[in-house]
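Undergrad:
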Amino acid sequence: MEDLQNTPHFLWQPASWLHVTGEDTLTFLQGQFTNDISNLIPKEATYGLWLTQKGKVLADSFVLRAGQETFYVGSYACSAALIRERLEAYIIADEVEIEDVTGEWRGLTLFTEATRNEIATLLPEVVVFGGRRGDQKHWEVVGLLEAMEKLVSRVDAEALLTPEEMELRRIEGGVPAIPQDVGPNDLPNEGGLDRDAVSYEKGCYLGQEVMARLRAMGQVRRRLYRVSGKVEALELPATLFAGERKAGELRSTAKTANGFVGLAMITTMHLPEDKKLALEPGAVGMISVSETV
Numbered sequence: 001m002e003d004l005q006n007t008p009h010f011l012w013q014p015a016s017w018l019h020v021t022g023e024d025t026l027t028f029l030q031g032q033f034t035n036d037i038s039n040l041i042p043k044e045a046t047y048g049l050w051l052t053q054k055g056k057v058l059a060d061s062f063v064l065r066a067g068q069e070t071f072y073v074g075s076y077a078c079s080a081a082l083i084r085e086r087l088e089a090y091i092i093a094d095e096v097e098i099e100d101v102t103g104e105w106r107g108l109t110l111f112t113e114a115t116r117n118e119i120a121t122l123l124p125e126v127v128v129f130g131g132r133r134g135d136q137k138h139w140e141v142v143g144l145l146e147a148m149e150k151l152v153s154r155v156d157a158e159a160l161l162t163p164e165e166m167e168l169r170r171i172e173g174g175v176p177a178i179p180q181d182v183g184p185n186d187l188p189n190e191g192g193l194d195r196d197a198v199s200y201e202k203g204c205y206l207g208q209e210v211m212a213r214l215r216a217m218g219q220v221r222r223r224l225y226r227v228s229g230k231v232e233a234l235e236l237p238a239t240l241f242a243g244e245r246k247a248g249e250l251r252s253t254a255k256t257a258n259g260f261v262g263l264a265m266i267t268t269m270h271l272p273e274d275k276k277l278a279l280e281p282g283a284v285g286m287i288s289v290s291e292t293v
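Under this note's numbering, the first residue of the sequence shown is numbered 1, with each subsequent residue one higher.
#1: I believe Ala-264 touches Val-227 by the beta-carbon criterion, under 8 Å. Please report the beta-carbon distance rounded to the nearest angstrom.
#2: Rounded to whole angstroms, how far is the Cβ of Leu-277 from the Cβ of Ala-247, which I believe are closer than 8 Å?
#3: Considering only C-alpha positions, which residue in the set Thr-292, Glu-69, Asp-194, Gly-174 is nearest to Pro-42?
#4: What runs of the beta strand (DSSP E), each 3 residues or longer, lie entirely inside the segment 74-119?
#5: Straight-line CA distance for Glu-280 to Glu-273?
#6: If we count the other Cβ atoms within 10 Å of its Cβ and call it buried at 16 or more, is Leu-236 buried or exposed?
#7: In whole angstroms, give me the CA-to-CA distance for Glu-23 and Val-96.
#8: Is it the case that the segment 57-68 contacts the segment 105-113, given that we only count it when at least three CB pairs across the two stretches are under 8 Å?
#9: Name, in chain order, the residues that DSSP records as bridge partners for Val-253.
#10: Relative to the ligand SAH, is the shortest distance from any of its heavy atoms to the C-beta of Ala-157 smaller than 7 Å?
#11: What is the DSSP secondary structure of Ile-287, counted as helix, strand or coil?
#12: Cα separation between Pro-179 and Gly-31?
#13: Put Glu-244 into one of helix, strand or coil per three-state DSSP.
#14: Whole-angstrom Cβ separation of Ala-66 and Tyr-72, contact assumed at under 8 Å?
#15: Helix, strand or coil: how does DSSP classify Thr-268 here?
#16: Quick check on Thr-21: does DSSP put it in helix, strand or coil?
#17: Which stretch, first to last residue, makes up the beta strand (DSSP E) that contains Arg-223?
#18: What's the C-alpha gap between Glu-88 and Thr-25?
#19: Could you confirm whether any beta carbon from chain B is found closer than 8 Å to the beta carbon of Gly-218?
#20: Quick check on this structure: which residue in Trp-50, Thr-7, Leu-40, Pro-14 has the alpha carbon closest to the alpha carbon of Gly-207?
#21: Taking the DSSP output, what are the residues bridged to Val-57?
#22: Is the number of C-beta pairs between the segment 180-193 and the segment 121-141 that are closer than 8 Å three or more?
#23: I'd like to check one pair, Thr-102 with Ser-16: are the Cβ atoms closer than 8 Å?
#24: Among Gln-53, Met-217, Ser-153, Gly-107, which has the Cα closest to the Cα of Gln-5?
#25: If you compare alpha carbons, which of Ile-37, Gly-262, Ala-93 is closest to Val-175?
#26: From Lys-275 to Tyr-200, what distance separates their C-alpha atoms?
#27: How big is the Cα-Cα spacing for Asp-196 and Asp-36?
#28: Could you give the distance in angstroms between the alpha-carbon of Met-148 and the alpha-carbon of Tyr-47?
#29: Taking only three categories from DSSP, how would you classify Glu-140?
#30: Kindly indicate which three-state DSSP category Leu-122 falls into: helix, strand or coil?
#31: Using beta-carbon positions only, say whether Val-63 and Trp-105 come within less than 8 Å of one another.
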């Protein structure tokens, strides 16, 4: 890959980018994170969650291995203070140090069919890993400010995507945002996060017992659904009704030519046969519900 001209891209600032070091770092993070990071090699990343003791979603992160005893923990929207506090609460006798370096790093999302290695060779100082921005192939490129400035100079400004365009791609791709769509009152399985953010084969981690029970049960009472409607302006989160009964909550939306698409957490037993919900109790259903994410 020679250059990035005309490549659709998005510039972003991580909400958290923590530098985690120490001889116990791998075992400590492995015992807290929902996904398996035991086999990560340098410059590779894995996506997963940080749960509460009750198995609810506190935050999400990409855990990136930088060296033998060096990792980075980064998130699109969950704050560094939140994740750092969650981790430090469980450091007891572990040789682990956590430093917040969020302000020193920047991100660039590239929508391209190029391989990870092709992107990485453009600038060795950056790290490249698969993102969670929708169903079109893309890469997250993250690096220190100086390195990212060099990379940004190689992309065409006219191909820069807006936050609204990125939100549309994410929602149409059925990718939950944490904590907007799935948060501290929700279980990973309710947002479909158990498919790729949770390992059922690794050892214990905080919230693991709850996840094991959910897996044995086979289903949850609520699920995150794709929805659509023609309402022009909505204040989120918005309660959704089936007749007089509260059926769920609309949590994120993006404008389309015909109205909006969104993601909503809905109690499955309250979903009507016609899959139509309303924004007011007793009103005609104007929100169409499609499949779960």
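Every residue gets a Cβ at the ideal spot worked out from N, C-alpha and C, and that includes glycine.
TA: The short version:
#1: For this step, residue 264 is matched to residue 264 along the sequence shown. For this step, residue 227 is matched to residue 227 along the sequence shown. About 5 Å; that satisfies the 8 Å criterion.
#2: Stepping through the sequence shown from its first residue, residue 277 is reached at position 277. Stepping through the sequence shown from its first residue, residue 247 is reached at position 247. Contact between Leu-277 and Ala-247 holds, since their C-beta atoms are separated by about 6 Å, short of 8 Å.
#3: To locate residue 42, count along the sequence shown from 1; it is residue 42. Relative to Pro-42, the option among Thr-292, Glu-69, Asp-194, Gly-174 whose CA is nearest is Glu-69.
#4: If we require 3 residues or more, the beta strand (DSSP E) runs fully inside the segment 74-119 come out as 97-100, 105-110.
#5: The sequence position of residue 280 within the sequence shown is 280, counting from 1. The sequence position of residue 273 within the sequence shown is 273, counting from 1. Approximately 18 Å, taken between the alpha carbons.
#6: One-based indexing of the sequence shown puts residue 236 at position 236. With fewer than 16 other Cβ atoms within 10 Å, it is exposed.
#7: Walking along the sequence shown from the start, residue 23 turns up at place 23. Walking along the sequence shown from the start, residue 96 turns up at place 96. So the two alpha carbons sit approximately 7 Å from each other.
#8: Result no; under three Cβ-Cβ pairs closer than 8 Å.
#9: For the purposes of this step, residue 253 is identified with residue 253 of the sequence shown, where counting begins at 1. Strictly speaking, residue 253 in this sequence is Thr, with Val absent from that position. In the DSSP assignment, Thr-253 is bridged to Gly-262.
#10: The model depicted lacks the ligand SAH and carries no ligand whatsoever.
#11: Residue 287 sits at position 287 when you count from the first residue of the sequence shown. Strand at Ile-287.
#12: One-based indexing of the sequence shown puts residue 179 at position 179. One-based indexing of the sequence shown puts residue 31 at position 31. CA-to-CA, the gap between Pro-179 and Gly-31 works out to about 22 Å.
#13: If you number the sequence shown from 1, residue 244 lands on position 244. The DSSP-derived three-state label of Glu-244 is coil.
#14: Locating residue 66 in the sequence shown gives position 66, counting from the first residue. Locating residue 72 in the sequence shown gives position 72, counting from the first residue. Their Cβ separation, rounded to whole angstroms, is 6 Å, which keeps Ala-66 and Tyr-72 in contact under 8 Å.
#15: Position 268 of the sequence shown, counting from 1, holds the residue named residue 268. For Thr-268, the three-state secondary structure derived from DSSP is helix.
#16: Within the sequence shown, the letter at position 21 stands for residue 21. Judged by DSSP in its simplified three-state form, Thr-21 adopts strand.
#17: Against the sequence shown, residue 223 aligns to sequence position 223. Segment 222-229, the beta strand (DSSP E) holding Arg-223.
#18: Position 88 of the sequence shown, counting from 1, holds the residue named residue 88. Position 25 of the sequence shown, counting from 1, holds the residue named residue 25. Using only the alpha carbons, I get a separation of about 12 Å.
#19: In summary, chain B is missing from the structure at hand, where a single protein chain is found.
#20: On the sequence shown, residue 207 is found 207 positions in, with the first residue counted as 1. Closest option to Gly-207, Cα to Cα, is Trp-50.
#21: Taking the sequence shown and counting its residues from 1, one reaches residue 57 at position 57. DSSP output for Val-57 lists Leu-51 as bridge partner(s).
#22: In short, these stretches do not touch, since the Cβ pair count stays below three.
#23: Counting from one through the sequence shown, the residue named residue 16 turns up at place 16. Counting from one through the sequence shown, the residue named residue 102 turns up at place 102. Yes.
#24: Looking up residue 5 in the sequence shown gives position 5. Closest option to Gln-5, Cα to Cα, is Ser-153.
#25: Sequence index remark: in the sequence shown, residue 175 carries index 175 (1-based). Minimum Cα distance to Val-175 is reached at Gly-262.
#26: Working through the sequence shown from its first residue, we reach residue 275 at position 275. Working through the sequence shown from its first residue, we reach residue 200 at position 200. Rounded to the nearest whole angstrom, the C-alpha separation of Lys-275 and Tyr-200 is 33 Å.
#27: For the purposes of this step, residue 196 is taken as residue 196 along the sequence shown, with counting starting at 1. For the purposes of this step, residue 36 is taken as residue 36 along the sequence shown, with counting starting at 1. Within the model, the alpha-carbon separation for Asp-196 versus Asp-36 is close to 11 Å.
#28: Within the sequence shown, numbered from 1, the residue matching residue 148 stands at position 148. Within the sequence shown, numbered from 1, the residue matching residue 47 stands at position 47. Taking the straight line joining both Cα atoms gives about 22 Å.
#29: On the sequence shown, residue 140 is found 140 positions in, with the first residue counted as 1. In this structure, Glu-140 counts as strand in the three-state DSSP scheme.
#30: The residue given as residue 122 occupies position 122 in the sequence shown. Reduced to three states, the DSSP call for Leu-122 is helix.
#31: Stepping through the sequence shown from its first residue, residue 63 is reached at position 63. Stepping through the sequence shown from its first residue, residue 105 is reached at position 105. No. Outside cutoff.
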